[in-house]
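Colleague: In mature numbering (1 follows the signal peptide of the UniProt record, and there is no 0), the protein residues as written are -28 to -1, 1 to 786.
For reference, the structure I am asking about is given below.
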Amino acid sequence: MTTRWSRRGFLAASSTALALGVHTTADASPLTSTDTTEAADAFATLRAKWRTLVLGEGFSPTAEPFKSRLAELGTTASTLRSTMAPVSGSLWPDLVYADPEPDTDQESYGYSGNMNASYTRLSTLAQAYSQQGTGLTGDSTLRDDILTGLDHLHTEVYNENQTRYGNWYSWQIGAPQALLDVCVLMYDQLSAAQITSYLNAVDHFVPDSAVSSYSGTSTGANRVDLCRVLALRGVVGANSAKIALARDALSPVFPYVTGGDGLYTDGSFIQHTTVPYTGSYGSVMLGGLGLLFALLAGSTWAVTDAGRQIVFDAVENAWAPFLYNGLVMDGVSGRAVSRGLATSDTKQIQQDDHLRGHPILASIVLLGQGASSAENARWRGLVKGWIQRDYYSPPMSDPALSLPSLSRLTGVVDDTAVSAIAEPTGHRLFTNMSRATHRRPGWAASISMADRRITYYETGNGENLHGWHTGSGMLYWWGDTFGNGQYSDAFWPTVDPYRLPGTTASRLALADAAGGDWGASLPDVNWVGGTTDGQRAAIGQYLKGLQSTLLAKKSWFCLDDSIVCLGAGIKCTDGTAVESTVENRNLGPTGNTSFQADGVTKPLSYPWSETLTGAGWAHIGGHGGYVFPGGATVKALREARDGKWSDINRGGTTAVLNRKYLTLYVDHGTNPTGASYAYLLMPGATAAQTQTRAAANGWLTVLANTDSQQGVAVPPLGFTGVNFWFGGTVGALTASNPCCVMINEKSDGTAVICVSDPMRMQTSLTLTWNRAVSTVTSKPSTVTSATTGSSLTLTFGDLRTTAGVTQKISVKLG
């Protein structure tokens, strides 16, 4: 079958097609220009620079892995050339672009996508023609085929008289980007009339007005893509005004935003208004900016807007927190997680979290060329570390990584002056996109939530059809030397979508794409967020189920070697069971992983299930441990699950996949009225360590786990964390209104009190800590008064404008 690409799925393949290369230059003058000779030389310089950027540089075409990749490019181009058959309605028989008034929008999207794919195939041919080592370098017959294809597509479909149909992206970004790349690569072979015709088509579909307003489909990553089209249109057409427009139209991308699409001060990145998208659209934006910064650097049109420093700062503020051992975390990749094996013109590409992460690494290297020397050096060290630690999917063997990207990463790997930087530890809370990352020595975790600003999940273009509960408190985690393929190895098409790890969900059956496209459904809740000191955190989510009556309060207390997970106030009237999933571990095709509970090893067979009554602890061999304070009734399940990518993505492959899962979940029964759960996740812990923690009765105290408050104390760590869903008293803490509080008492007689207003609604707040405090050594301006003595009373003013950000108060204990 022919795969019909989504716009970002298609982008992944087209980036693969932008493969390979050695630097050659096109030094002919523009075919039509009234500018001075000096200006003409400037356009020629930009054309030459773009060739370098899309073909790559700094590697030998006779050295591996480049030699094989170049040969593969030649083989692919030969196949494409042999199958190209220009007729009315298609350039290739399997890519019909004519729109015969299809019955559905999805069909229309497919036809426009095929037009887009046709241009991308021509780009592949142009690269094979331009590159050394392909076997087709400078081939005159291939040249003629490329020109025939360009003229055919222009005459048939992509011209100034055509009305667009289907996906806007194909007409304004996908097709013109590929077309302009071909124009640069084949510039010396094109006539003035051809260039004029092609540029007229680009002007028709991407007029200057496409960037006149920073709104709609012209924000964030989309705006950067549109600027790339305008800049290259100017380069090919020797039009200074177009290049200047593209440069200037980048400026709205840079500033921090307080709502909608873009980068936020806390490191959040949003696209489509409500979707956390650091790992997909964010990757596109980062890569696009890197290319445009590099293209225009040193020219009359160099990007000098001081706001670009925000992009540089975002490398470590926004992207690095979600990169781990070379992968980018799925919780910020939107509907891209549903893209599995997709057939491109070169190979089948596994679009997983690792393969989404690798281009980000290459983009960081490219962006570093325009950053400060200190930033560039540090970023190269970070990238080298990520490359070295990606044992699951080594970037240097990534079949989907474009060779320009591969050459950039090779430059880092081979640079002996660069030392790999270890994964940082610490906690990051992204209040503006309801996400959190917790990184400790040996492991990392991420939490995905939803609120009135952030969608439950995103579906669209027939993608991510079963992502319903990914925003219901999904708790992802990875180990440093284990578990890095947990979500990479066919997890999304084979996992039970009602039992995602960390979530609480009703078993009410939901339709494909329930909730609507493009992040349309938002839960009507405010209390989602938390507080952190940068190392530990208290996080909470008031959960309302998607198209369900489910209500729940969920809390996570992120500590040094574990995460304490609480749930309370769980109620539902759907007439179905409600479950909280402690774990749903993907054990791969074989599933030969041990499991024990309270020291008893359970059967290694599929299927297998058992209700663990009064369970104190459990352990999955090679993964980690789970402790249930005070004992719990937990269901354990081994199952072999079948699934297809086409089940969750209408453009996915139909091959049946099978993966083995070990699931732990709390069954709250049908229509629960006040259910709860409590467990401790210990990533990477051995069975002995898990058992020891379970036996340490004084290590953890659950202070409250109700619909009104949830809180814990961990005396050995000096830690107290409380989520006040309503004002009240928990342990030694009393709050007048809803808030989140975390306290870390230190061995030197000091303490740090972290407070936040996740609801963003408190005009005042009084917090009392029944603990002797002698002095307040620092406090933010939001604290209007502080009374010390036998207890500490803090009075806060209006917290509505703090955007849920942590307010830190340091004190000396009495």
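Backbone N, C-alpha and C fix where the C-beta goes; we use that ideal spot for every residue, glycine too.
These numbers come from a predicted model, not from an experiment.
Helix, strand or coil for Phe284 per DSSP?
Modeller: In the sequence shown, residue 284 corresponds to position 312, counting from 1. It is helical.
Colleague: Exposed or buried, what is Ala(-16) when buried is set at 16 or more other beta-carbons lying within 10 Å of its beta-carbon?
Modeller: Here residue -16 corresponds to residue number 13 of the sequence shown, with the count starting at 1. Because Ala(-16) sits at a pLDDT of 37, beneath the cut-off of 50, its placement in the model cannot be relied upon, and the point is left open.
Colleague: Determine the contact status of Ser444 and Leu515, defining contact as a CB-CB distance below 8 Å.
Modeller: Within the sequence shown, the letter at position 472 stands for residue 444. Within the sequence shown, the letter at position 543 stands for residue 515. A contact, by the Cβ cut-off of 8 Å.
Colleague: Report the option in Leu264, Gly254 and Thr276 whose CA atom is closest to the CA atom of Arg328.
Modeller: Residue mapping note: residue 328 aligns to position 356 of the sequence shown, counting from 1. The shortest C-alpha separation from Arg328 is found at Gly254.
Colleague: Taking the CB atoms as reference points, tell me whether Ala147 and Met56 lie closer together than 8 Å.
Modeller: As a working note, residue 147 is residue 175 in the sequence shown. As a working note, residue 56 is residue 84 in the sequence shown. Not closer than 8 Å, so no.
Colleague: Considering Asn716, what are the terminal residues of the beta strand (DSSP E) in which it resides?
Modeller: As a working mapping, residue 716 is identified with position 744 in the sequence shown. Its beta strand (DSSP E) spans residues Cys711 to Glu717.
Colleague: Which stretch, first to last residue, makes up the beta strand (DSSP E) that contains Val536?
Modeller: Translated into the one-based positions of the sequence shown, residue 536 becomes position 564. From DSSP, the beta strand (DSSP E) with Val536 extends over Ile535 to Lys543.
Colleague: To which residues of the same chain is Ile37 closer than 6 Å at the C-beta, ignoring the five residues directly before and after it?
Modeller: Counting from one through the sequence shown, the residue named residue 37 turns up at place 65. At residue 37 the sequence reads Pro, which differs from the Ile that was named. Taken in chain order, the list of residues that qualify is empty.
Colleague: Taking buried to mean at least 16 other C-beta atoms within 10 Å of its own C-beta, is Ser112 buried or exposed?
Modeller: As a working mapping, residue 112 is identified with position 140 in the sequence shown. Per the 10 Å Cβ criterion, exposed.
Colleague: Of the residues Asp324, Gly342 and Asn297, which one's Cα is nearest the Cα of Val283?
Modeller: Position 311 of the sequence shown holds residue 283. Per the Cα distances, Gly342.
Colleague: Could you pull the DSSP bridge partners for Asn630 from this structure?
Modeller: In the sequence shown, counting from the first residue as 1, residue 630 sits at position 658. DSSP, once it has assigned bridges, lists Asp614 as partnering Asn630.
Colleague: Put Lys21 into one of helix, strand or coil per three-state DSSP.
Modeller: Residue numbering aside, residue 21 sits at position 49 when the sequence shown is read from its first letter. Helix at Lys21.
Colleague: Please report the Cβ distance between Tyr649 and Arg471, rounded to the nearest whole angstrom; I am assuming they are in contact, meaning their Cβ atoms lie under 8 Å.
Modeller: Within the sequence shown, numbered from 1, the residue matching residue 649 stands at position 677. Within the sequence shown, numbered from 1, the residue matching residue 471 stands at position 499. About 14 Å separates the two Cβ atoms, so there is no contact after all.
Colleague: Measure the alpha-carbon distance for Asp302 versus His410 and round it to whole angstroms.
Modeller: What you label residue 302 is simply residue 330 of the sequence shown in a count that begins at 1. What you label residue 410 is simply residue 438 of the sequence shown in a count that begins at 1. So the two alpha carbons sit approximately 15 Å from each other.
Colleague: Leaving out five residues on either side along the sequence, give the residues of the same chain with a beta carbon under 7 Å from the beta carbon of Trp490.
Modeller: Residue numbering aside, residue 490 sits at position 518 when the sequence shown is read from its first letter. Answer for Trp490: His244, Glu430 and Gly432, listed in chain order.
Colleague: What whole-angstrom Cβ distance do Gly517 and Ser478 have, given they're in contact under 8 Å?
Modeller: Residue numbering aside, residue 517 sits at position 545 when the sequence shown is read from its first letter. Residue numbering aside, residue 478 sits at position 506 when the sequence shown is read from its first letter. That pair is a contact at about 5 Å.
Colleague: Quick check on the DSSP output: the beta strand (DSSP E) that includes Arg412 runs from which residue to which?
Modeller: What you label residue 412 is simply residue 440 of the sequence shown in a count that begins at 1. In the DSSP assignment, Arg412 falls within the unbroken beta strand (DSSP E) covering Arg407 to Arg412.
Colleague: In or out: Asn194 buried (at least 16 other Cβ within 10 Å) or exposed?
Modeller: Within the sequence shown, residue 194 is the residue found at index 222, counting from 1. Per the 10 Å Cβ criterion, buried.
Colleague: To the nearest angstrom, report how far apart Pro248 and Asp160 are at their CA atoms.
Modeller: Walking along the sequence shown from the start, residue 248 turns up at place 276. Walking along the sequence shown from the start, residue 160 turns up at place 188. Distance between the alpha carbons of Pro248 and Asp160: 43 Å.
Colleague: Hey, Val256 and Phe265 are a contact pair by Cβ (cut 8 Å); roughly how many whole angstroms apart?
Modeller: As a first step, residue 256 is located in the sequence shown; it is residue number 284 there, counting from the start. As a first step, residue 265 is located in the sequence shown; it is residue number 293 there, counting from the start. Actually they do not touch by this definition, with Cβ atoms about 15 Å apart.
Colleague: Could you tell me the alpha carbon to alpha carbon distance between Ser345 and Arg352, rounded to whole angstroms?
Modeller: The residue labelled residue 345 in the question sits at position 373 within the sequence shown. The residue labelled residue 352 in the question sits at position 380 within the sequence shown. C-alpha separation (whole angstroms): 11 Å.
Colleague: Tell me the DSSP bridge mates of Ile781?
Modeller: Position 809 of the sequence shown, counted from the start, is the residue given in the question as residue 781. BP columns for Ile781 point to Ile725.
Colleague: Okay, do the region 521 to 540 and the region 625 to 634 touch, 3+ Cβ pairs below 8 Å being the bar?
Modeller: No: the two stretches stay apart, fewer than three of their Cβ pairs being nearer than 8 Å.
Colleague: Can you give me the C-alpha to C-alpha distance between Ser391 and Gly340, rounded to a whole angstrom?
Modeller: Taking the sequence shown and counting its residues from 1, the one referred to as residue 391 is at position 419. Taking the sequence shown and counting its residues from 1, the one referred to as residue 340 is at position 368. Roughly 16 Å separates the two Cα atoms.
Colleague: Can you grab the Cα-Cα spacing for the pair Gly769 / Ser736, in whole Å?
Modeller: By one-based count along the sequence shown, residue 769 stands at place 797. By one-based count along the sequence shown, residue 736 stands at place 764. Their Cα atoms are separated by approximately 5 Å.
Colleague: DSSP state of Phe294, grouped into three classes?
Modeller: To locate residue 294, count along the sequence shown from 1; it is residue 322. Looking at Phe294 - three-state DSSP - the assignment turns out to be helix.
Colleague: Quick one: give me the first and last residue of the alpha helix (DSSP H) that Phe38 is part of.
Modeller: For the purposes of this step, residue 38 is taken as the residue at position 66 of the sequence shown. First-last of the alpha helix (DSSP H) with Phe38: Phe38 to Thr55.
Colleague: Quick one: what's got a C-beta closer than 6 Å to Pro58's C-beta in the same chain, skipping five residues either side?
Modeller: For the purposes of this step, residue 58 is taken as residue 86 along the sequence shown, with counting starting at 1. Counting only Cβ-Cβ distances below 6 Å, and skipping sequence neighbours, we find His124.
Colleague: Can you look up Lys214 in the DSSP assignment and give me helix, strand or coil?
Modeller: Your numbering for residue 214 matches position 242 in the sequence shown. Looking at Lys214 - three-state DSSP - the assignment turns out to be helix.
Colleague: Please report how far the alpha carbon of Asn456 lies from the alpha carbon of Trp528, in whole angstroms.
Modeller: Counted from its first residue, the sequence shown places residue 456 at position 484. Counted from its first residue, the sequence shown places residue 528 at position 556. Each residue's Cα considered, the two are about 22 Å apart.
Colleague: Under 8 Å between the Cβ atoms of Leu42 and Pro33?
Modeller: Along the sequence shown, read from residue 1 onward, the residue named residue 42 stands at position 70. Along the sequence shown, read from residue 1 onward, the residue named residue 33 stands at position 61. Between Leu42 and Pro33, the CB-CB gap stays under 8 Å.
Colleague: What residues in its chain sit with their C-beta under 7 Å from that of Thr403, if we drop five residues either side in the sequence?
Modeller: Within the sequence shown, the letter at position 431 stands for residue 403. Closer than 7 Å at the Cβ level, and outside the excluded window around Thr403, lie Asp238, Gly501, Ala775, Gly776 and Val777.
Colleague: Applying the 10 Å Cβ sphere with the 16-neighbour rule, what's the burial state of Ala486?
Modeller: Locating residue 486 in the sequence shown gives position 514, counting from the first residue. Answer is buried; the Cβ neighbour count reaches 16.
Colleague: For Ala16, count the other beta carbons within 10 Å of its own beta carbon; 16 or more makes it buried, fewer makes it exposed. Which is it?
Modeller: What you label residue 16 is simply residue 44 of the sequence shown in a count that begins at 1. With 16 or more Cβ atoms within 10 Å of its Cβ, Ala16 is classed as buried.
Colleague: Could you please give the first and the last residue of the uninterrupted beta strand (DSSP E) stretch that includes Gly586?
Modeller: Working through the sequence shown from its first residue, we reach residue 586 at position 614. Note, Gly586: beta strand (DSSP E), Trp580 to Ile592.
Colleague: I'd like to check one pair, Ala70 with Tyr83: are the Cβ atoms closer than 8 Å?
Modeller: Mapped onto the sequence shown, residue 83 falls at position 111. Mapped onto the sequence shown, residue 70 falls at position 98. In this structure, Tyr83 sits near Ala70, with a CB-CB distance shorter than 8 Å.
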